[in-house]
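4 protein chains.
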Amino acid sequence: MMSNSKPTAARRERERGARRQLILDAAKSVFDERGFLNATMEEIAERSELAVGTLYRYFQSKEELYVSLLFEAMEMFREGIEGARGSGGPPNEQLRAVWRFFYAFYREQPEYYRALMFLHNEGLSDAISPGVIQEINHRAGVNFRLVAEIVQSGVDAGLYRSDLDTRGVVDVLWSLLMGLVQLIETRRNLGAPADMLETLHYEAFEWLECGLRRRVSASVRAN
Amino acid sequence: MMSNSKPTAARRERERGARRQLILDAAKSVFDERGFLNATMEEIAERSELAVGTLYRYFQSKEELYVSLLFEAMEMFREGIEGARGSGGPPNEQLRAVWRFFYAFYREQPEYYRALMFLHNEGLSDAISPGVIQEINHRAGVNFRLVAEIVQSGVDAGLYRSDLDTRGVVDVLWSLLMGLVQLIETRRNLGAPADMLETLHYEAFEWLECGLRRRVSASVRAN
Amino acid sequence: MMSNSKPTAARRERERGARRQLILDAAKSVFDERGFLNATMEEIAERSELAVGTLYRYFQSKEELYVSLLFEAMEMFREGIEGARGSGGPPNEQLRAVWRFFYAFYREQPEYYRALMFLHNEGLSDAISPGVIQEINHRAGVNFRLVAEIVQSGVDAGLYRSDLDTRGVVDVLWSLLMGLVQLIETRRNLGAPADMLETLHYEAFEWLECGLRRRVSASVRAN
Amino acid sequence: MMSNSKPTAARRERERGARRQLILDAAKSVFDERGFLNATMEEIAERSELAVGTLYRYFQSKEELYVSLLFEAMEMFREGIEGARGSGGPPNEQLRAVWRFFYAFYREQPEYYRALMFLHNEGLSDAISPGVIQEINHRAGVNFRLVAEIVQSGVDAGLYRSDLDTRGVVDVLWSLLMGLVQLIETRRNLGAPADMLETLHYEAFEWLECGLRRRVSASVRAN
DNA sequence: GATGAATGAGCATTCATTCAT
DNA sequence: CATGAATGAATGCTCATTCAT
Chain A
50 MMSNSKPTAA
60 RRERERGARR
70 QLILDAAKSV
80 FDERGFLNAT
90 MEEIAERSEL
100 AVGTLYRYFQ
110 SKEELYVSLL
120 FEAMEMFREG
130 IEGARGSGGP
140 PNEQLRAVWR
150 FFYAFYREQP
160 EYYRALMFLH
170 NEGLSDAISP
180 GVIQEINHRA
190 GVNFRLVAEI
200 VQSGVDAGLY
210 RSDLDTRGVV
220 DVLWSLLMGL
230 VQLIETRRNL
240 GAPADMLETL
250 HYEAFEWLEC
260 GLRRRVSASV
270 RAN
Chain B
50 MMSNSKPTAA
60 RRERERGARR
70 QLILDAAKSV
80 FDERGFLNAT
90 MEEIAERSEL
100 AVGTLYRYFQ
110 SKEELYVSLL
120 FEAMEMFREG
130 IEGARGSGGP
140 PNEQLRAVWR
150 FFYAFYREQP
160 EYYRALMFLH
170 NEGLSDAISP
180 GVIQEINHRA
190 GVNFRLVAEI
200 VQSGVDAGLY
210 RSDLDTRGVV
220 DVLWSLLMGL
230 VQLIETRRNL
240 GAPADMLETL
250 HYEAFEWLEC
260 GLRRRVSASV
270 RAN
Chain C
50 MMSNSKPTAA
60 RRERERGARR
70 QLILDAAKSV
80 FDERGFLNAT
90 MEEIAERSEL
100 AVGTLYRYFQ
110 SKEELYVSLL
120 FEAMEMFREG
130 IEGARGSGGP
140 PNEQLRAVWR
150 FFYAFYREQP
160 EYYRALMFLH
170 NEGLSDAISP
180 GVIQEINHRA
190 GVNFRLVAEI
200 VQSGVDAGLY
210 RSDLDTRGVV
220 DVLWSLLMGL
230 VQLIETRRNL
240 GAPADMLETL
250 HYEAFEWLEC
260 GLRRRVSASV
270 RAN
Chain D
50 MMSNSKPTAA
60 RRERERGARR
70 QLILDAAKSV
80 FDERGFLNAT
90 MEEIAERSEL
100 AVGTLYRYFQ
110 SKEELYVSLL
120 FEAMEMFREG
130 IEGARGSGGP
140 PNEQLRAVWR
150 FFYAFYREQP
160 EYYRALMFLH
170 NEGLSDAISP
180 GVIQEINHRA
190 GVNFRLVAEI
200 VQSGVDAGLY
210 RSDLDTRGVV
220 DVLWSLLMGL
230 VQLIETRRNL
240 GAPADMLETL
250 HYEAFEWLEC
260 GLRRRVSASV
270 RAN
């Protein structure tokens with residue numbers, strides 16, 4: 050019976066988590082609407098119905114708040130990847146499913162991709178606590194590893210070349226994804242024709258995936 | 050004959066061009082050192098030994114000045130691509146040479162890549178005159194077309210699949226390049242291990258290029 | 050009999066005093082390290098292992114906490130003065146001993162001098178409870194009176210001029226001390242040469258003390 | 050004839066100086082009313098009818114603006130000292146005149162004394178350009194030297210002891226002045242009786258000055 | 001055309017203090 | 001009594017851009 054001897058501590062923990070999420074939700078909507086630079090901490094505070102100072106009790110800086118959005122994004126990535134992996138199909142199909150998920154996720158939540166690109170800013174780590182950076186690195190590592198395991202299972206199944214650097218394959222897949230997103234958005238930004246992302250996205254995968262496969266007989270070589 | 054009826058006009062034109070270049074050179078060095086956000090128009094003015102106001106007679110805004118750096122970058126890209134194409138080797142070698150050039154150019158002038166990524170910023174066109182955007186689009190189009198012609202020549206030579214969307218191939222190559230650069234720089238930024246760009250870069254091309262080739266006999270298909 | 054009718058009350062009193070001292074000790078070390086402006090109540094709370102709110106149950110404000118450090122400083126002054134007085138030497142030696150003590154105390158605990166100078170801030174009394182101000186005034190009065198008694202004993206012994214305003218003498222001594230400290234620290238702050246405090250301090254006393262003495266015969270007068 | 054070839058440059062220089070003085074005047078009145086901490090750059094801007102940004106084109110920081118007030122204060126000190134020196138009286142009278150001037154100046158412009166005490170703040174130099182610190186040091190040096198020359202002339206006249214460290218004498222005089230000001234203002238601040246500054250100020254000088262004099266015959270010595 | 005002094009809106013961040021538990 | 005999360009007002013400073021000369 051003598052259970053929950055510290056009811057306050059537990060509730061506090063819960064409330065802290067809830068409030069943190071409240072801020073993150075407000076932040077997501079503001080950053081989404083205005084972009085990082087034009088977003089103001091004041092608006093985030095208003096939208097979360099908290100005081101500005103409270104935001105800073107949960108996040109060290111505007112940058113840290115922005116980057117913290119990636120925690121949930123990466124969690125969703127993980128779920129998507131595990132979903133693709135758990136589908137039970139052959140490894141190449143799993144990989145294709147991951148790729149499709151990446152694309153679908155981008156269409157649904159493009160702002161997360163902007164936050165991902167934000168990580169590219171030099172000197173970012175000055176504004177963010179080491180713990181957050183560590184967490185980002187950790188989650189990214191987990192996700193990359195999950196996809197690498199799919200590739201590895203393709204190798205094990207004799208489907209992919211046995212000399213593949215599976216981690217490198219994932220890096221390349223990810224790079225291709227981010228690069229495509231960037232290209233398409235840049236074109237739209239500059240008013241250049243930017244159609245066909247879907248097709249391009251699909252084909253790019255096929256081309257790349259082809260290079261991973263084990264050859265039964267040589268393909269045509271010009272030299 | 051050789052009409053020099055307007056010597057002043059000609060000289061003026063020349064001086065204007067020289068001064069414009071002066072500004073661009075100063076801008077490049079400042080943006081390079083400080084990044085776009087931390088660079089100030091005042092420092093660029095000082096370094097070009099011109100007045101701040103003069104900068105605005107040549108460039109509509111800080112953004113336009115930054116983006117204008119891409120004119121020369123794209124010219125260098127063009128030269129690199131034409132160099133690869135003029136090497137006389139087979140199309141796949143030409144393509145590989147282009148890819149190597151991209152990499153080498155990044156190593157030498159990484160700041161141009163940052164300016165390229167800058168184009169991704171939403172709402173950028175508000176700060177830039179249409180002419181500049183047009184010029185960027187034009188030059189990009191030229192370069193993409195040049196590479197696409199190499200791919201096409203590969204198709205014509207029976208080396209690449211005849212159903213290739215050559216323009217799409219170039220988009221994918223370019224996306225892969227930019228994505229890799231971004232990934233590597235992000236990792237460095239976050240203190241994550243970020244070695245092996247060179248190898249990765251090389252392999253990524255091989256994998257991708259493989260998917261472009263015409264198949265003599267089918268490779269292993271799992272399903 | 051030994052009434053322990055209110056053991057809790059007594060213990061409470063003791064605990065309250067101990068906790069108060071705990072806070073003062075933490076405050077001293079924080080103010081010492083950071084200075085008044087850069088010190089935060091939060092850090093003081095952490096270092097005393099108490100909650101921020103608790104600090105405010107003992108001290109009305111940050112200012113009051115800072116100024117309250119002077120209680121112990123003034124107690125130490127009192128001990129120093131009484132030590133000098135109890136040495137049994139002639140009054141002028143006692144006075145010199147006081148002066149030496151002032152100097153030694155500054156060398157050991159310069160932060161107390163900063164708190165003393167802090168009293169100079171206009172509008173300070175708004176942030177401090179009257180009781181604390183009263184206590185400061187009281188202790189200062191006691192100390193000044195003690196020194197004044199030494200001067201008076203010098204007068205009584207025929208050593209010092211009989212028309213001396215002994216209280217004024219002490220004011221001047223104290224002012225000279227504080228002024229010297231300020232001058233030396235300002236010079237150090239501005240990177241100006243600031244040597245010789247010790248010598249200066251010593252000589253200043255001799256010059257001043259000389260003016261207090263009863264003249265047996267006139268000294269040279271120029272006019 | 051060909052005179053004033055650069056009238057614009059000259060006028061600009063003049064205007065810059067005038068505007069700088071405008072700011073200093075506004076700053077003096079605001080700092081005077083509110084004290085350093087409660088003064089805001091915005092109010093100084095309003096009162097000088099300039100934009101906030103303009104203030105920062107003339108002064109690097111709020112601190113630098115405050116401290117720059119001392120330029121004019123020190124100039125007034127210099128004039129006062131030279132006036133005392135030029136009075137033609139004997140050295141001790143000149144010194145007394147300097148002392149009286151110090152006192153009068155404090156009564157008229159007590160805010161300058163607060164700025165002088167401000168120099169005591171640790172870490173001040175971080176907020177002030179080296180040039181300003183240098184200038185402060187320079188002007189202070191000039192003034193101290195001028196007073197030291199008076200003392201020296203007293204020594205030369207056989208009035209003061211020949212073993213005097215004249216520079217030290219001035220340091221002590223200055224310290225005594227600042228210490229007295231501080232003591233009196235502290236007392237007023239704490240509601241303690243703080244009368245008699247004038248008398249005290251006068252007597253302090255007499256006592257101190259006495260110690261500088263050459264003795265014709267020994268005064269009473271107790272030991 | 002060139003100049004460069006002036007502009008001034010805009011914003012992240014701090015921290016002493018409160019008060020519900 | 002102790003707690004410590006929440007508050008939110010308050011402010012120094014930047015810097016792209018303009019425009020009178």
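Protein chains in written order, with this note's numbering: chain A, 50 to 272; chain B, 50 to 272; chain C, 50 to 272; chain D, 50 to 272.
Just so it is clear, CB atoms sit at the ideal spot from N, CA and C, and this is done for glycine as well.
{"Check": "Simplified DSSP assignment, three categories, for Arg263/C", "Outcome": "coil"}
{"Check": "Same chain, Cβ closer than 6 Å to Leu118/C, neighbours up to 5 away in sequence not counted", "Outcome": "Lys77, Ala164"}
{"Check": "Separation of Tyr161/A from Gly217/A, as counted between CA atoms", "Outcome": "23 Å"}
{"Check": "Beta-carbon proximity of Ala253/B to Leu208/B, cut-off 9 Å", "Outcome": "no"}
{"Check": "Closest by C-alpha distance to Gln231/C, when choosing among Glu247/D, Val181/D, Leu168/D", "Outcome": "Leu168/D"}
{"Check": "Within 9 Å, strictly: CB atoms of Asp120/D and Arg188/D", "Outcome": "In the sequence under discussion, the amino acid at residue 120/D is Phe, which differs from the Asp named in the question. Going by C-beta atoms, Phe120/D is nearer than 9 Å to Arg188/D."}
{"Check": "Alpha-carbon spacing of Lys111/C relative to Gly240/D, whole angstroms", "Outcome": "20 Å"}
{"Check": "Partner residues on chain D for Gly180/C, Cβ-Cβ distance less than 8 Å", "Outcome": "Chain D residues near Gly180/C: none, gap ~13 Å exceeds 8 Å."}
{"Check": "Ser52/B in three-state terms, based on DSSP", "Outcome": "Any reading at Ser52/B is ruled out, since the residue's pLDDT is 47, under 50, leaving its predicted position unreliable."}
{"Check": "Nearest candidate by alpha-carbon position, reference Glu157/D, set Ala122/D, Arg127/D, Asp220/D", "Outcome": "Ala122/D"}
{"Check": "Where the alpha helix (DSSP H) containing Glu121/D begins and where it ends", "Outcome": "111 to 134"}
{"Check": "Contact check, Ile93/C vs Val196/C, beta carbons under 9 Å", "Outcome": "no"}
{"Check": "CB contact flag (Trp256/D, Leu257/C, <9 Å)", "Outcome": "yes"}
{"Check": "CB contact below 9 Å: Val269/A versus chain B", "Outcome": "Residue confidence for Val269/A is low, a pLDDT of 44 falling below 50, so the modelled location carries little weight and cannot support an answer."}
{"Check": "Member of Glu142/B, Asp175/B, Cys259/B, Arg237/B whose CA lies at the smallest distance from the CA of Asn170/A", "Outcome": "Arg237/B"}
{"Check": "Burial state of Leu104/D (16 or more Cβ within 10 Å)", "Outcome": "buried"}
{"Check": "Delimiting residues of the alpha helix (DSSP H) encompassing Ser97/B", "Outcome": "90 to 97"}
{"Check": "9 Å Cβ cutoff, Asn192/B in contact with chain A", "Outcome": "no"}
{"Check": "Bounding residues of the alpha helix (DSSP H) (the contiguous stretch that carries Gln158/C)", "Outcome": "Here Gln158/C belongs to no alpha helix (DSSP H), and DSSP marks it neither H nor E."}
{"Check": "Check whether Glu108/D and Leu114/D have beta carbons under 9 Å apart", "Outcome": "Residue identity check: residue 108/D is Phe in the sequence provided, not Glu. Against a cut-off of 9 Å, the Cβ pair of Leu114/D and Phe108/D comes out as a contact."}
{"Check": "Short CB-CB distance (under 9 Å) between Met227/B and chain A", "Outcome": "yes"}
{"Check": "Own chain partners of Asn141/D with C-beta closer than 7 Å, once the 5 adjacent residues on each side are dropped", "Outcome": "Gly203, Leu208, Glu258"}
{"Check": "Exposed unless 16 or more other CB atoms sit within 10 angstroms - verdict on Val116/B", "Outcome": "buried"}
{"Check": "Beta bridge counterpart(s) of Leu209/A as assigned by DSSP", "Outcome": "A small fix is needed here, since residue 209/A is Tyr in this sequence, not Leu. Paired residues: Arg262/A."}
{"Check": "Contacts of Asp81/D in chain C (Cβ-Cβ under 7 Å)", "Outcome": "Those within 7 Å of Asp81/D in chain C number zero; the least Cβ separation is about 11 Å."}
{"Check": "Cβ neighbours of Val101/B in the same chain (closer than 7 Å, five flanking residues each side left out)", "Outcome": "Met90, Glu91, Ala94"}
{"Check": "Selection from Phe85/D, Asp74/D, Glu64/D, Gln70/D that minimises the alpha carbon distance to Gly172/C", "Outcome": "Phe85/D"}
{"Check": "Contacting residues, own chain, Cβ-Cβ under 8 Å from Val269/B (five flanking each side not counted)", "Outcome": "Because Val269/B carries a pLDDT of 44, less than 50, the predicted location of this residue cannot be relied on, and no value is offered for it."}
{"Check": "Distance CB(Met166/B)-CB(Met227/B) smaller than 9 Å", "Outcome": "yes"}
{"Check": "Nearest-angstrom Cα separation, counted from Glu128/C out to Arg262/D", "Outcome": "35 Å"}
{"Check": "Nearest-angstrom Cα separation, counted from Ile185/C out to Ala271/C", "Outcome": "Its pLDDT being 40, under 50, Ala271/C is placed unreliably in this model, and the coordinates cannot settle the point."}
{"Check": "Between the CA atoms of Arg60/A and Ile36/A - distance to the nearest angstrom", "Outcome": "Residue 36/A lies beyond the stretch modelled for chain A, which goes from 50 to 272, so this question has no answer here."}
{"Check": "Thr235/C burial status per 10 Å Cβ neighbour count (16 or more: buried)", "Outcome": "buried"}
{"Check": "Other residues of its chain near Ser136/D: CB distance less than 8 Å, five sequence neighbours each side excluded", "Outcome": "Glu142, Gln143, Ala146"}
{"Check": "Under the three-state DSSP convention, the category Ser178/C falls into", "Outcome": "coil"}
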